[in-house]
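Novice:
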């Protein structure tokens with residue numbers, strides 16, 4: 108094993124967190140696909156479904172003589188833009204009229220209009236959230252027992268506009284008790300994912316607005332905001348078309364999807380150059396986001412009318428969420444922490460410089476005080492003693508005068524010592540010391556000392 112790679116480096120919190128995300132996303136995709144799985148016995152075989160072009164969008168019809176008829180697998184052989192009619196024929200016995208049969212189409216590329224024996228059963232509804240590579244609509248409808256005829260019955264579904272080139276991937280017919288749980292599971296998953304997307308978009312925008320204050324990361328957060336704005340538009344409008352198709356809306360959706368991928372790619376490249384973007388966890392979320400958006404983009408560009416499997420579609424939708432819910436706040440928090448750390452380091456450096464400056468000033472003051480003492484002792488006391496010595500040698504001074512000069516020198520020495528004892532004291536302390544010395548000398552000379560002090564507290 109290379110020296111720069113060790114189990115300690117591999118088994119850290121970033122690696123484990125990235126591994127956890129990689130496990131959770133496929134797990135949720137698999138749970139989703141299992142939850143909406145219906146018994147294969149209820150699925151109508153593709154070869155038993157007739158598909159042909161129709162010009163009547165609001166009425167069931169029969170194919171004309173010589174008209175091309177396909178099974179479900181060949182539905183996309185009909186020119187895009189033409190309405191398609193899907194027909195399932197089944198027999199109903201007398202007892203079947205008491206059964207509660209349900210028609211279920213989990214995904215369709217456009218609005219479906221359903222008819223039984225020419226009688227309308229209703230239209231499809233919009234899915235809470237359109238997953239990548241999936242359609243926008245679904246249909247679940249109960250067949251009233253009174254609508255069933257003894258013998259053969261004709262169930263017709265008209266898809267007038269296949270906006271996402273999804274068509275009808277699968278069709279189920281059976282008891283409501285077996286179909287309803289799968290339908291409820293699909294709706295719950297999509298509603299939960301939509302709430303997660305709304306939460307992710309809200310978190311992303313809040314973090315991005317806060318992150319724009321950090322000048323070094325402004326370009327990164329701008330790129331992320333562009334990707335998030337495109338995703339919000341796609342989420343609100345529900346539709347991610349499987350091909351450019353016809354119409355400006357489909358082209359705008361594909362352009363927004365391409366924009367998401369490019370913006371995420373730029374953001375991930377910028378993040379990889381920053382210290383906060385070099386962790387294993389951050390790189391894992393970047394790869395996930397690019398993989399999810401790239402998978403959706405590839406399916407839209409190169410796999411028209413081939414919807415992704417439900418589990419893969421769910422994983423593609425989930426893969427981008429951690430980028431905005433986890434990575435953006437993590438990057439913002441790391442930069443706030445770095446900013447605070449730099450501020451603390453700068454404050455500590457300023458404190459150290461201030462302390463060094465104060466020490467230098469104290470050293471300079473001591474040197475100045477030492478020089479002052481030397482100068483006072485040399486010029487003051489030294490001069491007085493030298494003058495006294497010369498007069499004594501010359502015999503021109505008597506004993507009282509000698510005593511007076513020596514006392515003066517002693518007084519000057521006491522003043523110098525007092526100044527050394529109170530260096531650094533405040534003015535009040537210095538004045539108190541001076542008053543004591545002056546009072547002692549005044550008393551020795553029979554002089555009355557009157558002391559008046561204004562502006563300071565009494566001594």
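Numbering (this note's numbering), first residue to last: 108 to 566. All C-beta atoms, glycine included, are put in the ideal place defined by N, C-alpha and C. Only a predicted model underlies this, so the values are computations on that prediction, with no experimental measurement involved.
Starting from residue 161, follow its DSSP beta bridges and name the residues at the other end.
Specialist: Residue 161 sits at position 54 when you count from the first residue of the chain shown. In DSSP, residue 161 forms a bridge with 190.
Novice: Measure the CB-CB distance between residue 388 and residue 121 and report whether it falls below 8 Å.
Specialist: Here residue 388 refers to the residue found at position 281 when the chain shown is read from its first residue. Here residue 121 refers to the residue found at position 14 when the chain shown is read from its first residue. Yes, Cβ-Cβ distance for residue 388 and residue 121 is below 8 Å.
Novice: Report the rounded CA-to-CA distance for residue 225 versus residue 155, giving the unit in angstroms.
Specialist: Taking the first residue of the chain shown as 1, we reach residue 225 at position 118. Taking the first residue of the chain shown as 1, we reach residue 155 at position 48. Roughly 19 Å between the two C-alpha positions.
Novice: Output yes or no for whether 8 Å exceeds the beta carbon distance between residue 569 and residue 315.
Specialist: The chain is shown only over 108 to 566; residue 569 falls outside these bounds and no answer can be derived.
Novice: Measuring only the C-alpha atoms, how far is residue 152 from residue 300?
Specialist: Start at 1 with the first residue of the chain shown, and residue 152 comes out as number 45. Start at 1 with the first residue of the chain shown, and residue 300 comes out as number 193. Rounded to the nearest angstrom, the two C-alpha atoms are 31 Å apart.
Novice: In whole angstroms, what is the alpha-carbon distance linking residue 171 and residue 370?
Specialist: Translated into the one-based positions of the chain shown, residue 171 becomes position 64. Translated into the one-based positions of the chain shown, residue 370 becomes position 263. The alpha-carbon atoms of residue 171 and residue 370 are separated by roughly 51 Å.
Novice: Which residues in the same chain as residue 269 place their Cβ atom closer than 6 Å to its Cβ, once the five residues preceding and following it in sequence are excluded?
Specialist: If you number the chain shown from 1, residue 269 lands on position 162. If we look at residue 269 and ignore the five residues flanking it on each side, its Cβ neighbours are 216 and 217.
Novice: Give every residue of the same chain whose Cβ lies closer than 7 Å to the Cβ of residue 276, excluding the five residues on either side of it in the sequence, and list them in chain order.
Specialist: In the chain shown, residue 276 corresponds to position 169, counting from 1. Closer than 7 Å at Cβ, skipping near neighbours: 214 and 414.
Novice: For residue 260, which of helix, strand or coil comes out of DSSP?
Specialist: Here residue 260 is taken as the residue at index 153 of the chain shown, counted from 1. Looking at residue 260 - three-state DSSP - the assignment turns out to be strand.
Novice: Buried or exposed: residue 127, going by 16 or more other Cβ atoms within 10 Å of its Cβ?
Specialist: As a first step, residue 127 must be located in the chain shown, where it is residue number 20. So residue 127 ends up on the exposed side.
Novice: Looking at the strands, I want to know which residues DSSP matches up with residue 272.
Specialist: Within the chain shown, residue 272 is the residue found at index 165, counting from 1. In DSSP, residue 272 forms no bridge with anything.
Novice: For chain C, is any of its Cβ atoms less than 8 Å away from the one on residue 261?
Specialist: The chain labelled as chain C is not found in the depicted structure, where only one protein chain is given.
Novice: What is the residue span of the beta strand (DSSP E) that residue 144 lies within?
Specialist: As a working note, residue 144 is residue 37 in the chain shown. No beta strand (DSSP E) holds residue 144; DSSP gives it neither H nor E.
Novice: What does a CB cutoff of less than 7 Å around residue 245 pick up in its chain, not counting 5 residues either side in sequence?
Specialist: Numbered from 1 along the chain shown, position 138 holds the residue referred to as residue 245. Once the five neighbours on either side are set aside, the close Cβ partners of residue 245 are 212, 213, 214, 215, 231, 232 and 234.
Novice: Could you say which of 183, 424, 436 and 249 lies nearest to residue 241 if we only look at CA atoms?
Specialist: Taking the chain shown and counting its residues from 1, the one referred to as residue 241 is at position 134. Of the listed residues, the one whose Cα sits closest to residue 241 is 424.
Novice: Keeping to the same chain, check which residues put their C-beta closer than 7 Å to that of residue 254; ignore five residues upstream and five downstream.
Specialist: What you label residue 254 is simply residue 147 of the chain shown in a count that begins at 1. Correct list, in chain order: 223, 224 and 226.
Novice: Could you work out which residue in 378, 503 and 312 is closest to residue 441 when comparing CA atoms only?
Specialist: Taking the first residue of the chain shown as position 1, residue 441 is located at position 334. The shortest C-alpha separation from residue 441 is found at 378.
Novice: Spatial neighbours of residue 125 within its chain, please: C-beta separation below 7 Å, excluding the five flanking residues on both sides.
Specialist: On the chain shown, residue 125 is found 18 positions in, with the first residue counted as 1. Taken in chain order, the residues that qualify are 387, 388 and 391.
Novice: Do residue 249 and residue 271 count as a contact pair if the criterion is CB distance below 8 Å?
Specialist: Locating residue 271 in the chain shown gives position 164, where the first residue counts as 1. Locating residue 249 in the chain shown gives position 142, where the first residue counts as 1. Not in contact: residue 271 and residue 249 (Cβ atoms no closer than 8 Å).
Novice: Would residue 193 and residue 417 qualify as a contact pair, given that the criterion is a beta-carbon distance under 8 Å?
Specialist: Taking the first residue of the chain shown as position 1, residue 193 is located at position 86. Taking the first residue of the chain shown as position 1, residue 417 is located at position 310. Result no, Cβ atoms of residue 193 and residue 417 do not sit closer than 8 Å.
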